[in-house]
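Chemist: Just dropping this structure here.
In our numbering, the protein residues as written are 1187 to 1570.
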């Protein structure tokens, strides 16, 4: 009796390692280091599941990966290819599939953002049953379903868009459809994951010999700039930062749209992504921009601006900023003052007494907010 095909290398050590990690007996960092060493030893012999685990467990400190995804990848390790690779492609997009499994086939979200194999999986009774089992950590129904169909497992690794892009107008239409479908998903990791994937895929798909990269980045960025989801505005800021250096109007458009959005989505903040563009304006233009936008900037937006821009600026160009920072300590805008104060306390002591401008400010809201921020009493503030 012939034995079923097996993986090209023994997966037992890796499976034992991941079992120990799931049990809490091995740290995430140590797991990542061991996987990295083994992955580099195997080189081309390592399959997609091993590569996915190497990305989930980097060899440097990082957040813990999704345990459900790890359990699925453990099953994929034991399967021969191409079935193992198909399950791997499903596993790494588990959060998205969980978010759309209740939607009906043919809905815009399903048709636009899913890969060809995923559309078929959701569009058949057996496929939906197999997907439901996958979401409960059981891959066996999926393996049986895939064996019964004529579907090429590569369909699960195909790009989101299987329609050729002919020109920038075609690209813009695609980004509009993808943006609308993505915003229909609930905010969170699934929406971030799918946005990350299709922005990268659309960029590569649009790069032909006769289309400059700058035009592709501008088209994607300007189209996303019209969206409202924080993750899409975050991508818009990053795309347009690549081409906005010599375009003041584009810089202004990005800053006005993104600096005012301090909401983070899975750690991605549009205001923080856009803040470095302030450095392209020169100090006085940056000051005017911040003063103009101040009424629309939330505390979280100011926090992002401080982190993404002011900390570096006050540490390296203090004398150019000094007068405006002192002015901010006297005007009734506590959020702006706290952003400057936060940058000051992280700068290498630009000027003795600068912090006291805020803690001793004649403007009561600024003075009280600054003292709360530093956790100091009035007597202690006098010694700053």
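Virtual Cβ for every residue (Gly too), placed ideally from N, Cα, C.
Using the Cα positions of residue 1534 and residue 1499, report the straight-line distance between them to the nearest angstrom.
Modeler: Residue 1534 and residue 1499 have their alpha carbons spaced roughly 12 Å apart.
Chemist: Mapping the DSSP letters down to three states, classify residue 1454 as helix, strand or coil.
Modeler: strand
Chemist: Could you give the uninterrupted runs of the alpha helix (DSSP H) lying entirely in the segment 1413-1495, keeping only those of 4 residues or more?
Modeler: Segments of the alpha helix (DSSP H) lying fully in the segment 1413-1495: 1416-1427, 1434-1444, 1456-1460, 1469-1479, 1485-1491.
Chemist: Going by beta carbon distance, what residues of the same chain come within less than 6 Å of residue 1448, once the five residues before and after it are set aside?
Modeler: 1457, 1484, 1486, 1487, 1490
Chemist: Going by CA-CA distance only, name the one from 1376, 1319, 1289 that's closest to residue 1305.
Modeler: 1289
Chemist: Once DSSP output is grouped into helix, strand and coil, what is the label at residue 1516?
Modeler: coil
Chemist: Quick one: what does DSSP say residue 1280 is sitting in, helix, strand or coil?
Modeler: helix
Chemist: Compute the distance between the beta-carbons of residue 1436 and residue 1430, then report whether it is under 7 Å.
Modeler: yes
Chemist: Below 7 Å between beta carbons: does that hold for residue 1405 and residue 1358?
Modeler: yes
Chemist: Scan the segment 1535-1564 and note each continuous alpha helix (DSSP H) run of 4 residues or more that stays entirely inside, going in chain order.
Modeler: 1540-1545, 1550-1560
Chemist: What do you reckon, are the CB atoms on residue 1298 and residue 1377 nearer than 7 Å?
Modeler: No, these two residues do not count as a Cβ contact at 7 Å.
Chemist: Taking just the CA atoms, how far does residue 1415 sit from residue 1451?
Modeler: 8 Å
Chemist: Work out the CA separation of residue 1241 and residue 1472 for me, nearest whole Å.
Modeler: 38 Å
Chemist: Do you know whose CA, among 1201, 1248, 1256, 1511, lies nearest residue 1224's CA?
Modeler: That would be 1201, whose Cα lies nearest to the Cα of residue 1224.
Chemist: In the DSSP assignment, the alpha helix (DSSP H) including residue 1267 goes from what residue to what residue?
Modeler: No alpha helix (DSSP H) holds residue 1267; DSSP gives it neither H nor E.
Chemist: Is it buried or exposed for residue 1246, if we count other Cβ within 10 angstroms and need 16 for buried?
Modeler: exposed
Chemist: Using DSSP with H/G/I as helix, E/B as strand and the rest coil, what is residue 1305?
Modeler: Of the three classes helix, strand and coil, the one that applies to residue 1305 here is helix, per DSSP.
Chemist: Quick one: residues in its chain with C-beta nearer than 6 Å to the C-beta of residue 1206, no 5 flanking neighbours on either side, listed in chain order?
Modeler: 1212
Chemist: Can you tell me whether DSSP reads residue 1188 as helix, strand or coil?
Modeler: Because residue 1188 carries a pLDDT of 42, less than 50, the predicted location of this residue cannot be relied on, and the following value inherits that uncertainty. The answer is coil: DSSP assigns residue 1188 none of H, G, I, E or B.
Chemist: For residue 1494, tell me which candidate among 1522, 1315, 1461 has the shortest Cα-Cα distance.
Modeler: 1461
Chemist: Spatial neighbours of residue 1259 within its chain, please: C-beta separation below 7 Å, excluding the five flanking residues on both sides.
Modeler: 1235, 1238, 1239, 1274, 1277
Chemist: Measure the alpha-carbon distance for residue 1512 versus residue 1554 and round it to whole angstroms.
Modeler: 16 Å
Chemist: Would residue 1203 and residue 1226 be called neighbours here (beta carbons separated by less than 7 Å)?
Modeler: Going by C-beta atoms, residue 1203 is not nearer than 7 Å to residue 1226.
Chemist: In the DSSP assignment, find the unbroken alpha helix (DSSP H) run with residue 1359 in it and report its ends.
Modeler: From DSSP, the alpha helix (DSSP H) with residue 1359 extends over 1354-1369.
Chemist: Please report the distance separating the alpha-carbon of residue 1222 from that of residue 1479.
Modeler: 46 Å
Chemist: Relative to the C-alpha of residue 1280, which residue among 1252, 1265, 1465, 1266 is closest?
Modeler: 1252
Chemist: Would residue 1509 pass as a contact of residue 1549 if the rule is Cβ separation under 7 Å?
Modeler: no
Chemist: Buried or exposed: residue 1545, going by 16 or more other Cβ atoms within 10 Å of its Cβ?
Modeler: buried
Chemist: Which of helix, strand or coil does DSSP assign to residue 1199?
Modeler: helix
Chemist: Within the same chain, show all residues whose beta-carbon is closer than 7 Å to that of residue 1529, passing over the 5 residues directly before and after it, in chain order.
Modeler: 1492, 1496, 1497, 1500
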